[in-house]
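Novice: Take this structure, written in structure tokens, and hold onto it; I'll ask about it next.
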Amino acid sequence: MPTEKPLDRIFEQFLAAPKIFKNRDVLRPTYVPDELPHREKQITKVGMILASALRGGTPSNIFLYGKTGTGKTVVAQYVLKHLKEKCMEFNVPVPITSYINCRIVDTSYRVLAHLCSDVGVSVPITGLPTDTVYDKFRKSLDEKGQLMIIVLDEIDQLVRKNRESANDVLYDLTRINSSLENSKVSIIGISNDLKFKDHLDPRVISSLSEEEVVFPPYTADELKDILIQRAKIGFNEGVLEYGVINLCAALAAREHGDARRALDLLRVAGEIAEREGSNKVTEKHVRLAQKEIEKDTVSEVLETLPIQSKLVLFSIYLLEKHRASEINTGDVYAVYQNLCRYLRMDSLTQRRVSDIINELDMLGLVYARVISRGRYGRTKRIKIGVPLNLIGDILEKDPRIKGVADYVPRIT
DNA sequence: TGTCCACTGGAAGGGAGGGCTT
DNA sequence: AAGCCCTCCCTTCCAGTGGACA
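Going left to right, the first sequence walks through residues 0 to 411 as numbering that gives the first Met the number 0 numbers them.
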């Protein structure tokens, strides 16, 4: 059979291109390296707490705080990995571990369902009463007679989205040990957001954060060390031009010392260089990578937005595009209602739109701040948070939005 | 100093879409 | 099939509020 020629060429070109990466996976955020520079203190503390598992004890619950990309998740995974290894080495029962990212597993029911599947019980996606799922989990865990360490990553997301039920589940989980005869549970909670404690039941806070570990942002120098370490195993020797690592570190340090961002920059810069067929990664590639990363994350978020959120965002976009001096909830709602009328769609209430604006703010697409204009009331002052043309370009791909693309809002 | 605006954001609840148990 | 229970998205209702203005 003759093969397809153009594709052949692409593959061959790829193979012929100079090899930039030795192992690109080590530059991904999920990779757990053998050493974590500048996190020795945190590793020691978490390690000391979890060590009691080696003597058959129940480690205290731990809370890890710090902004994104400060190494919370990776430290937790690193310590757990080594703990398990030690358990095997000393012939101690290896704890069951469960890692749950609450941004994805974002309801109490789903958290419990996830825990069930980690102890080998399958439960339906929906349908059962939450209590039943909890009981199933408790029973089958108790049958195992083992320690279970549960990592709840981005736990603030769970609490933010369902305050009542999240409190219930967390309360139950922190008390579960008193109803277990043969097994024990330890919880590692991870959060980006310190303020989220305000939404938690005080009893949950106290038992969840028996121990607390704080992760400060990395400085530019620390980021540099991390990048150098990963670059050694990730890139072939000599492909990184002088200054590339410094630039990645500097750019990421500007964003509250985010190591994930730094690694992404380095990886994407490498990928761009590879695509170009260049045999060196240069500072120019890093700059391009920065643009590409922003564009990718923004467009992915925008494309998956539900239509109502798109319309609200588009209303804000139109107001900003036509140079409204300031944008408030009321203005947005008025434009939004007009757009809905043109599209012959039912419009949501202002209460809901107000929430949607908050959601857009959380996604980083807009900035919304509550301000008071004195006599003229309290409202949200809203600004677009990403490049304006990007929003227009991507939203107008939606045929419904395209239908109102030329709408000109009345500016007051 | 009090008033009052334009909202905010909490609380409760409805109903559609899903799936369980009996 | 009936009776529950779940989530998700939304509405309705309403007390609360920061600060410009009279």
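Where is the CB? At the ideal position from N, CA and C, for every residue including glycine.
1. Does DSSP put S371 in a helix, a strand or coil?
2. From which residue to which residue does the alpha helix (DSSP H) around E291 run?
3. Residue range of the beta strand (DSSP E) that M147 falls in?
4. Secondary structure at L239, three-state DSSP: helix, strand or coil?
5. How about P398: is its Cβ closer than 8 Å to a heavy atom in the ligand SAM?
6. Is the beta carbon of Y316 less than 9 Å from the beta carbon of G391?
7. For G65 versus V213, is the C-beta distance shorter than 9 Å?
8. For K85, which of helix, strand or coil comes out of DSSP?
9. If we ignore side chains and look at the alpha-carbon of each, how far apart do I306 and Y335 end up?
10. On a Cα-Cα basis, can you pick out the residue from N191, D171 and G237 that is closest to S206?
11. Comparing C-alpha positions only, which one of I393, Y98, P94 and K396 sits nearest to I187?
12. Less than 9 Å separating the beta-carbons of V118 and V110?
13. Leaving aside the five residues before and after I370 along the sequence, list all residues of the same chain whose C-beta is less than 6 Å from its C-beta, in chain order.
14. Taking only the alpha-carbon atoms, compute the straight-line gap between G269 and E293 and give it to the nearest angstrom.
15. Taking 8 Å as the limit between beta carbons, can you name the residues of its chain near N235, skipping five residues before and five after?
16. Should the stretch 83-97 be called in touch with the stretch 217-232, which here means at least 3 C-beta pairs below 8 Å?
17. Rounding to the nearest angstrom, what Cα-Cα distance links V243 and V285 in this structure?
18. If I measure Cβ to Cβ from S353 and keep anything under 7 Å in the same chain, skipping five residues before and after, which residues do I get?
19. Going by Cα to Cα distance, which pick from S121, V132, C86 and S298 is closest to Y108?
20. Please classify K183: is it buried, with 16 or more other beta-carbons within 10 angstroms of its beta-carbon, or exposed?
21. Just how far apart, CA to CA, sit I48 and V73?
Specialist: Reading from the atomic positions:
1. Translated into the one-based positions of the first sequence, residue 371 becomes position 372. For S371, the secondary structure class from DSSP, reduced to helix, strand or coil, is strand.
2. Counting from 1 along the first sequence, the entry for residue 291 is found at position 292. E291 -> alpha helix (DSSP H) spans E282 to E302.
3. As a working note, residue 147 is residue 148 in the first sequence. Run containing M147: L146 to D152, per the beta strand (DSSP E) assignment.
4. Against the first sequence, residue 239 aligns to sequence position 240. Strand at L239.
5. The model on display carries no ligand, and the ligand SAM is accordingly not part of it.
6. Along the first sequence, read from residue 1 onward, the residue named residue 316 stands at position 317. Along the first sequence, read from residue 1 onward, the residue named residue 391 stands at position 392. The answer is yes: Cβ separation under 9 Å.
7. What you label residue 65 is simply residue 66 of the first sequence in a count that begins at 1. What you label residue 213 is simply residue 214 of the first sequence in a count that begins at 1. Taking 9 Å as the Cβ cut-off, G65 and V213 qualify as a contacting pair.
8. Your numbering for residue 85 matches position 86 in the first sequence. Here K85 sits in helix by DSSP.
9. On the first sequence, position 307 is the one that residue 306 refers to. On the first sequence, position 336 is the one that residue 335 refers to. About 12 Å.
10. Here residue 206 corresponds to residue number 207 of the first sequence, with the count starting at 1. Of N191, D171 and G237, the residue nearest in Cα terms is D171.
11. Locating residue 187 in the first sequence gives position 188, where the first residue counts as 1. Comparing alpha carbon positions, the residue from I393, Y98, P94 and K396 closest to I187 is Y98.
12. Taking the first sequence and counting its residues from 1, the one referred to as residue 118 is at position 119. Taking the first sequence and counting its residues from 1, the one referred to as residue 110 is at position 111. Cβ distance not < 9 Å, so V118 and V110 don't count as in contact.
13. The residue given as residue 370 occupies position 371 in the first sequence. Closer than 6 Å at Cβ, skipping near neighbours: R380.
14. Here residue 269 refers to the residue found at position 270 when the first sequence is read from its first residue. Here residue 293 refers to the residue found at position 294 when the first sequence is read from its first residue. CA-to-CA, the gap between G269 and E293 works out to about 16 Å.
15. Along the first sequence, read from residue 1 onward, the residue named residue 235 stands at position 236. Contacts found: K18, I19, F20 and K21.
16. no
17. The residue labelled residue 243 in the question sits at position 244 within the first sequence. The residue labelled residue 285 in the question sits at position 286 within the first sequence. Spanning the two alpha carbons is a distance of roughly 7 Å.
18. Counting from one through the first sequence, the residue named residue 353 turns up at place 354. Taken in chain order, the residues that qualify are T328.
19. Position 109 of the first sequence, counted from the start, is the residue given in the question as residue 108. Of S121, V132, C86 and S298, the residue nearest in Cα terms is V132.
20. As a working note, residue 183 is residue 184 in the first sequence. When all chains shown are included, K183 counts as buried.
21. If you number the first sequence from 1, residue 48 lands on position 49. If you number the first sequence from 1, residue 73 lands on position 74. Approximately 17 Å, taken between the alpha carbons.
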